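The next block holds one structure in the form of structure tokens; read it before the comments.
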Amino acid sequence: MEEKRRSSLPILVVAAVAGAATLVVELAAVRLTAPWFGTSAAVWTNVIGVVLLALSLGYLLGARLSARGRPDAWLARALLAGAVLVAVLPSLARPVCGLFAPAGVPLSDAAPLFFWGS
Numbered sequence: 685m686e687e688k689r690r691s692s693l694p695i696l697v698v699a700a701v702a703g704a705a706t707l708v709v710e711l712a713a714v715r716l717t718a719p720w721f722g723t724s725a726a727v728w729t730n731v732i733g734v735v736l737l738a739l740s741l742g743y744l745l746g747a748r749l750s751a752r753g754r755p756d757a758w759l760a761r762a763l764l765a766g767a768v769l770v771a772v773l774p775s776l777a778r779p780v781c782g783l784f785a786p787a788g789v790p791l792s793d794a795a796p797l798f799f800w801g802s
């Protein structure tokens, strides 16, 4: 008996849309942090590094969860959690960036804060 195969097209579409959304969030992250850290090459490098680290950890977690039953349910939960976190990012930008770039710090002392904060 031939085993019935499910179409992989829906998963490929979800992966493509999630990848595009990740790129949008990456671009928006630089714009959100620009009032505190600017848009220099160092800021872009830090944002890209953080996004790549998060993707790597997400892939590791996703691989482990997909080995369990119902990988499509885990995918839906992960996408929902990601959407909620992305929705609250704009409201978190000011307090988080303010922690790494406090007001009143002289510009000469701010360089290490800009590197780690961005």
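Residue numbers for the sequence shown follow the working numbering, so the first one is 685 and each next one is one higher.
Even glycine gets a Cβ: it sits at the ideal position worked out from N, Cα and C.
In this text the structure is predicted, and so the values were computed from the model without any measurement.
- The Cβ atoms of threonine 717 and alanine 777 sit closer than 8 angstroms to each other.
- DSSP assignment within the segment 710-798 yields the following whole alpha helix (DSSP H) runs of 4 residues or more, N-terminal first: 725-750, 755-784.
- If the five residues before and after serine 740 are omitted, its C-beta is found closer than 8 angstroms to no C-beta atom of its own chain.
- By the Cβ criterion, the segment 777-787 is in contact with the segment 708-722, since at least three pairs of Cβ atoms, one from each stretch, lie closer than 8 angstroms.
- With three or more CB-CB distances shorter than 8 angstroms, the segment 759-777 counts as touching the segment 698-712.
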